[in-house]
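Trainee:
There are 2 protein chains.
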Amino acid sequence: MIVDEAGRAAWAYLARVAEPPSAPVIDLVEALGVLDAAHAIRKRSVPSGHDAALLATESRADVDRSRADLDDAQRIGARLVTPDDDEWPGYALLSLATADTAARGGVPLALWVRGQMRLDDLTLASVALVGSRAASSYGEHVTATLASGLCSNGFAIVSGGAFGVDGVAHRAALGSAGQTVAVMACGIDRDYPAAHTQLLREIARVGAVISEYPPGTTAAKHRFLTRNRLVAALSGATVVVEAGRRSGAANTAAWARKLGRPLGAVPGPVTSATSVGCHRMIADQQAALVYDVDGVIALVRPEGNGDAPGGRGRPTDGLSDEQKRVHDAIPGRGAVTLAEIAVSSGLDLPAVRSALAALDVAGLVAADGGGWCLA
Amino acid sequence: MIVDEAGRAAWAYLARVAEPPSAPVIDLVEALGVLDAAHAIRKRSVPSGHDAALLATESRADVDRSRADLDDAQRIGARLVTPDDDEWPGYALLSLATADTAARGGVPLALWVRGQMRLDDLTLASVALVGSRAASSYGEHVTATLASGLCSNGFAIVSGGAFGVDGVAHRAALGSAGQTVAVMACGIDRDYPAAHTQLLREIARVGAVISEYPPGTTAAKHRFLTRNRLVAALSGATVVVEAGRRSGAANTAAWARKLGRPLGAVPGPVTSATSVGCHRMIADQQAALVYDVDGVIALVRPEGNGDAPGGRGRPTDGLSDEQKRVHDAIPGRGAVTLAEIAVSSGLDLPAVRSALAALDVAGLVAADGGGWCLA
């Protein structure tokens with residue numbers, strides 16, 4: 004789908020007026036379309052049932068920085084990727100819609116992306132390597148070995164751009180001519196940490212630096228936790244390389260589990276404080292023990308599926324039962340009406356509508372005239 | 004039960020005439036009693052159905068070294084412990100009778116024990132710490148930490164008396180005034196390895212050096228594998244501290260699993276060759292990851308059962324369903340007949356006989372006049 008300038012400006016406006024992720028704003032876009040949704044927020048007048056969108060945008064609705072944000076992004080080689088864009092990684096992000104999403108969960112409204120690569124390509128076969136900022140030299144060594152091995156096998160490395168495990172993972176990917184994605188807890192124009200300015204530039208050159216926060220947004224504690232869900236969602240598997248007793252990596256790990264994504268952890272000396280978190284996850288059977296590249300690949304492709312690039316299985320894997328039934332009820336060619344889907348799927352109309360909305364967000368179906376077709 | 008001199012000599016004779024473990028010889032003892040069984044083997048004349056006992060003893064039956072073996076043992080402070088002795092750890096060894104025992108499995112006929120402690124006391128709350136002979140300094144450190152911590156919690160340390168993890172485990176137990184048991188693949192009078200002569204003496208002083216092989220027997224490869232099953236059987240849990248790709252510890256670990264005993268493995272650096280075996284066991288979910296003393300204790304007492312010394316749960320835990328039914332059918336006081344047990348348990352006579360034989364070996368029931376009572 005081609006997104007016109009007005010449409011993209013509307014997405015950019017909405018991406019700033021509520022702190023992401025904002026389910027009420029997404030609901031409003033689904034109900035009205037992005038242009039009318041932006042208009043409604045600006046005018047402080049929404050259809051009944053959408054008051055939550057007003058509440059969520061109360062403090063920022065008056066400031067429209069959409070033009071400036073898009074310009075700022077363009078200046079550093081970045082763009083706003085929306086669910087209306089072909090490269091939107093809907094199959095990966097869908098899990099956020101179907102998971103039991105707590106306070107900081109939910110699908111992102113749109114993603115700011117710095118770099119030239121298509122986001123769907125980058126995240127088709129990808130593994131998140133995460134871990135302690137205060138990595139040990141052992142942790143750094145293992146991270147580098149896994150990252151370069153995974154890149155050699157065609158996987159992109161997703162991480163958070165931080166010191167320690169994150170930074171080593173990105174660097175090792177770059178060093179082995181692989182692809183890597185840094186998911187930021189601040190705007191894609193804020194080089195955080197500052198010492199990673201050059202690293203983030205390199206990541207953008209061969210992969211992507213992405214964020215759901217508008218340009219200029221500063222990193223804040225709650226944003227790291229919110230960001231972690233995207234690291235997990237955009238990766239076929241998450242591997243915790245080193246984690247202390249209270250590592251932020253445990254939060255990313257919890258997201259991987261919540262999203263139904265494979266989770267691995269690398270063991271280390273039981274005498275090392277930076278492996279305590281990994282050992283606990285393995286001992287509690289929350290994470291599988293992985294000790295080499297093959298083990299990580301086996302996590303992502305459990306059936307030893309050799310169909311490279313592979314990575315995340317079928318796009319419909321994360322669907323709920325009802326969503327699968329609705330998806331199956333739409334033929335491979337041509338469009339069908341809501342009523343026809345209800346008959347084929349055996350679901351009532353509200354259930355079909357709800358499933359279609361989720362499938363639409365995921366980029367799996369598209370409205371076509373008065374009906375629906377597979378996207 | 005008191006075992007008289009003739010009885011013990013008969014056990015000693017039988018313990019040498021067949022390579023242990025010898026199910027046919029045990030069957031013969033169960034059928035005839037130990038005196039008549041020894042007599043039958045010597046005379047090469049057994050009841051029909053017991054020809055296998057003749058075959059198993061063909062090459063050694065003519066040599067009766069029972070007196071010399073018992074004398075040799077006594078000279079070094081050792082004795083022969085038989086299923087007729089009160090200290091026979093039948094509850095632990097029973098698992099060998101009920102497990103699907105391959106070529107080298109089976110209950111031992113009797114055990115040579117060097118040391119003053121009662122064998123049943125020593126093995127009531129015990130953990131096997133096993134691992135690579137070529138342990139790393141990391142492995143040695145972890146072994147010592149676990150062994151002394153377990154001893155402080157009242158557990159005896161069972162191991163194989165070898166170099167590496169075994170030796171460190173025994174030494175750490177001695178160093179923390181704990182109890183420890185070395186299960187040998189040779190006679191209890193052969194200090195193997197020779198460099199452990201002093202260590203084995205110390206083990207015997209506070210714990211026990213035990214073997215099912217008669218005095219003078221030399222260590223041989225197949226005896227190590229046979230011995231490993233006793234290490235696992237005599238321990239409430241087995242923990243592999245360090246193991247390379249092809250460690251003998253994997254065999255002990257396999258026995259623990261076969262016997263239904265908890266199995267733990269300690270992780271280490273994924274860069275260490277001596278942790279590869281541990282990581283595989285954990286990754287394949289054959290072993291639980293353990294990283295500290297509390298984790299090992301939780302293995303042995305999964306319900307957080309605080310009833311120290313505890314360790315192996317109830318003596319009847321390893322019983323088959325039929326054995327449990329027969330055990331339950333015998334009242335707490337007084338004896339009942341075979342027929343009465345059959346009625347109470349709802350099993351037919353052959354099934355009751357078979358279960359009683361196993362319970363008898365385990366020291367859980369005893370023949371009493373014409374009937375059976377709880378031991």
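These protein sequence lines map, in sequence, to chains A and B. Here the first sequence is numbered in this note's numbering, starting from 4 and rising by one per residue. Here the second sequence is numbered in this note's numbering, starting from 4 and rising by one per residue. Beta carbons: idealized from backbone N, C-alpha and C, even for Gly. Just so you know, these numbers come straight off a predicted model, no measurement behind them.
(1) Considering Cα atoms alone, identify which of Ala253(A), Ala207(A) and Gly178(A) is closest to alanine 185(A).
(2) From aspartate 194(B) to aspartate 75(B), what distance separates their C-alpha atoms?
(3) Where do the ends of the alpha helix (DSSP H) carrying cysteine 376(B) lie?
(4) Exposed or buried, what is serine 140(A) when buried is set at 16 or more other beta-carbons lying within 10 Å of its beta-carbon?
(5) Just confirm the distance between the C-beta atoms of glutamate 325(B) and alanine 369(B), as a whole number of angstroms; I'd bet it's less than 8 angstroms.
(6) Specify the secondary structure class of serine 129(B) as computed by DSSP and reduced to three states.
(7) To the nearest angstrom, how far is it from the Cα of leucine 262(B) to the Cα of leucine 367(B)?
(8) Closest to tyrosine 94(B) by CA distance: which of Val110(B), Ala332(B) and Leu83(B) is it?
(9) Can you check whether the C-beta of proline 270(B) is within less than 9 angstroms of a C-beta belonging to chain A?
(10) How about cysteine 154(A) and alanine 176(A): do their beta carbons lie closer than 9 angstroms?
(11) What separation, rounded to the nearest whole angstrom, lies between the Cα atoms of glycine 80(B) and aspartate 192(B)?
(12) DSSP beta-bridge partners for isoleucine 213(B)?
(13) Between glutamate 143(B) and glycine 167(B), is the Cβ-Cβ spacing less than 9 angstroms?
(14) Roughly how many angstroms separate the alpha carbons of alanine 311(B) and glutamate 90(B), rounded to a whole number?
(15) Using the Cβ count rule (16 or more neighbours within 10 Å means buried), how would you classify histidine 225(A)?
(16) Which of the three DSSP states, helix, strand or coil, is assigned to aspartate 371(A)?
(17) Shortest alpha-carbon distance to valine 296(B) belongs to which of Thr241(B), Arg283(B), Gly349(B) and Gly247(B)?
(18) So which residues on chain A does glycine 366(B) lean against when the C-beta distance must stay under 7 angstroms?
(19) Is it a yes or a no for the stretch 34-47 of chain A touching the stretch 6-14 of chain A, going by three-plus beta-carbon pairs under 8 angstroms?
(20) Are the beta-carbon atoms belonging to valine 161(A) and alanine 131(A) less than 9 angstroms from one another?
(21) Just the C-alpha distance for leucine 238(B) and serine 25(B), rounded to the nearest angstrom, thanks.
(22) So, do the stretch 275-294 of chain B and the stretch 284-295 of chain A have three or more beta carbon pairs nearer to each other than 8 angstroms?
(23) Valine 273(B) versus chain A: which residues are under 8 angstroms apart at the beta carbon?
(24) Considering only C-alpha positions, which residue in the set Ser347(B), Pro305(B), Ala342(B) and Leu350(B) is nearest to glycine 374(B)?
(25) Going by CA-CA distance only, name the one from Gly157(A), Asp169(A), Leu122(A) and Leu125(A) that's closest to valine 145(A).
(26) Is it buried or exposed, glutamine 182(A), if we count other Cβ atoms within 10 angstroms and call 16 or more buried?
(27) Give a yes or no on whether 9 angstroms exceeds the smallest Cβ distance from alanine 76(A) to chain B.
(28) So which of Ala290(B), Ser69(B), Leu233(B) and Asp287(B) has the shortest CA-CA distance to leucine 96(B)?
(29) Is there a C-beta anywhere in chain B that falls below 9 angstroms from the one on lysine 224(A)?
(30) Can you tell me whether leucine 58(B) is buried or exposed? The criterion is at least 16 other CB atoms within 10 Å of its CB, across all chains shown.
(31) I'd like the list of long-range same chain contacts for histidine 53(B), defined as Cβ closer than 6 angstroms, with 5 residues on each side in sequence excluded.
(32) Provide the residue span of the alpha helix (DSSP H) that contains leucine 350(B), from first to last.
(33) Would you call arginine 336(A) buried or exposed, if buried means 16 or more other Cβ atoms sit within 10 Å of its Cβ?
(34) What is the residue span of the alpha helix (DSSP H) that glutamate 8(A) lies within?
(35) Could you work out which residue in Val84(A), Pro196(A), Ala378(A) and Gly118(A) is closest to arginine 78(A) when comparing CA atoms only?
(36) Please compile the residues from chain A whose C-beta is within a distance smaller than 8 angstroms of the C-beta of alanine 286(B).
Mentor: Here's the rundown:
(1) Counting from 1 along the first sequence, the entry for residue 185(A) is found at position 182. Nearest of Ala253(A), Ala207(A) and Gly178(A) to alanine 185(A), Cα basis: Ala207(A).
(2) For the purposes of this step, residue 194(B) is taken as residue 191 along the second sequence, with counting starting at 1. For the purposes of this step, residue 75(B) is taken as residue 72 along the second sequence, with counting starting at 1. The straight-line gap from Cα to Cα measures roughly 14 angstroms.
(3) One-based indexing of the second sequence puts residue 376(B) at position 373. No alpha helix (DSSP H) contains cysteine 376(B), which is instead part of the beta strand (DSSP E) from 374-377.
(4) In the first sequence, counting from the first residue as 1, residue 140(A) sits at position 137. By the 10 Å Cβ count, serine 140(A) comes out exposed.
(5) Taking the first residue of the second sequence as 1, we reach residue 325(B) at position 322. Taking the first residue of the second sequence as 1, we reach residue 369(B) at position 366. Not confirmed; about 19 angstroms, so no contact.
(6) The sequence position of residue 129(B) within the second sequence is 126, counting from 1. Note: serine 129(B) maps to strand in three-state DSSP.
(7) On the second sequence, residue 262(B) is found 259 positions in, with the first residue counted as 1. On the second sequence, residue 367(B) is found 364 positions in, with the first residue counted as 1. Spanning the two alpha carbons is a distance of roughly 18 angstroms.
(8) Counting from one through the second sequence, the residue named residue 94(B) turns up at place 91. That would be Val110(B), whose Cα lies nearest to the Cα of tyrosine 94(B).
(9) In the second sequence, counting from the first residue as 1, residue 270(B) sits at position 267. With 9 angstroms as the cut-off, proline 270(B) counts as an interface residue toward chain A.
(10) In the first sequence, residue 154(A) corresponds to position 151, counting from 1. In the first sequence, residue 176(A) corresponds to position 173, counting from 1. Going by C-beta atoms, cysteine 154(A) is nearer than 9 angstroms to alanine 176(A).
(11) Taking the second sequence and counting its residues from 1, one reaches residue 80(B) at position 77. Taking the second sequence and counting its residues from 1, one reaches residue 192(B) at position 189. Roughly 10 angstroms separates the two Cα atoms.
(12) Translated into positions along the second sequence, residue 213(B) becomes position 210. According to DSSP, which records beta bridges pairwise, isoleucine 213(B) is partnered with Val116(B) and Val186(B).
(13) Here the question's residue 143(B) lines up with position 140 in the second sequence. Here the question's residue 167(B) lines up with position 164 in the second sequence. Yes; because the gap between Cβ atoms is below 9 angstroms, this pair is in contact.
(14) To locate residue 311(B), count along the second sequence from 1; it is residue 308. To locate residue 90(B), count along the second sequence from 1; it is residue 87. Here alanine 311(B) scores only 39 on pLDDT, less than 50, and its place in the model should not be relied on; the value that follows carries that caveat. Their Cα atoms are separated by approximately 20 angstroms.
(15) The count along the first sequence starts at 1 and reaches residue 225(A) at position 222. Per the 10 Å Cβ criterion, exposed.
(16) Within the first sequence, residue 371(A) is the residue found at index 368, counting from 1. Strand at aspartate 371(A).
(17) On the second sequence, residue 296(B) is found 293 positions in, with the first residue counted as 1. The shortest Cα separation from valine 296(B) among Thr241(B), Arg283(B), Gly349(B) and Gly247(B) belongs to Thr241(B).
(18) By one-based count along the second sequence, residue 366(B) stands at place 363. Under the 7 angstroms cutoff, chain A gives no residues; its nearest Cβ is about 35 angstroms from glycine 366(B).
(19) yes
(20) Mapped onto the first sequence, residue 161(A) falls at position 158. Mapped onto the first sequence, residue 131(A) falls at position 128. Contact flag set, yes.
(21) The residue labelled residue 238(B) in the question sits at position 235 within the second sequence. The residue labelled residue 25(B) in the question sits at position 22 within the second sequence. In the sequence as displayed, the identity of residue 238(B) is serine instead of leucine. For serine 238(B) and serine 25(B), the distance between alpha carbons rounds to 22 angstroms.
(22) yes
(23) Position 270 of the second sequence holds residue 273(B). Near valine 273(B) (Cβ distances below 8 angstroms), the residues of chain A are Val145, Val269, Pro270, Gly271, Tyr294 and Asp295.
(24) Translated into positions along the second sequence, residue 374(B) becomes position 371. It is Ala342(B).
(25) By 1-based counting over the first sequence, the position of residue 145(A) is 142. For valine 145(A), the nearest C-alpha among the options comes from Asp169(A).
(26) Here the question's residue 182(A) lines up with position 179 in the first sequence. Result: buried.
(27) Residue mapping note: residue 76(A) aligns to position 73 of the first sequence, counting from 1. No, alanine 76(A) lies away from the interface with chain B (no Cβ there is under 9 angstroms from its Cβ).
(28) By 1-based counting over the second sequence, the position of residue 96(B) is 93. Answer by Cα proximity: Leu233(B).
(29) Reading the first sequence from its first residue, position 221 is the one you call residue 224(A). By this cut-off, lysine 224(A) is not an interface position.
(30) In the second sequence, counting from the first residue as 1, residue 58(B) sits at position 55. Under this definition leucine 58(B) is an exposed residue.
(31) On the second sequence, residue 53(B) is found 50 positions in, with the first residue counted as 1. The answer, listed in chain order, is Leu31.
(32) Taking the first residue of the second sequence as 1, we reach residue 350(B) at position 347. That residue, leucine 350(B), is in no alpha helix (DSSP H); it is neither H nor E in DSSP.
(33) Taking the first sequence and counting its residues from 1, one reaches residue 336(A) at position 333. It is exposed - the Cβ of arginine 336(A) has fewer than 16 other Cβ atoms within 10 Å.
(34) Within the first sequence, numbered from 1, the residue matching residue 8(A) stands at position 5. Here the alpha helix (DSSP H) through glutamate 8(A) covers 8-20.
(35) For the purposes of this step, residue 78(A) is taken as the residue at position 75 of the first sequence. When only C-alpha atoms are compared, the closest one is Gly118(A).
(36) Here residue 286(B) refers to the residue found at position 283 of the second sequence. Simply Ala291, Leu292, Val293, Tyr294 and Gly298.
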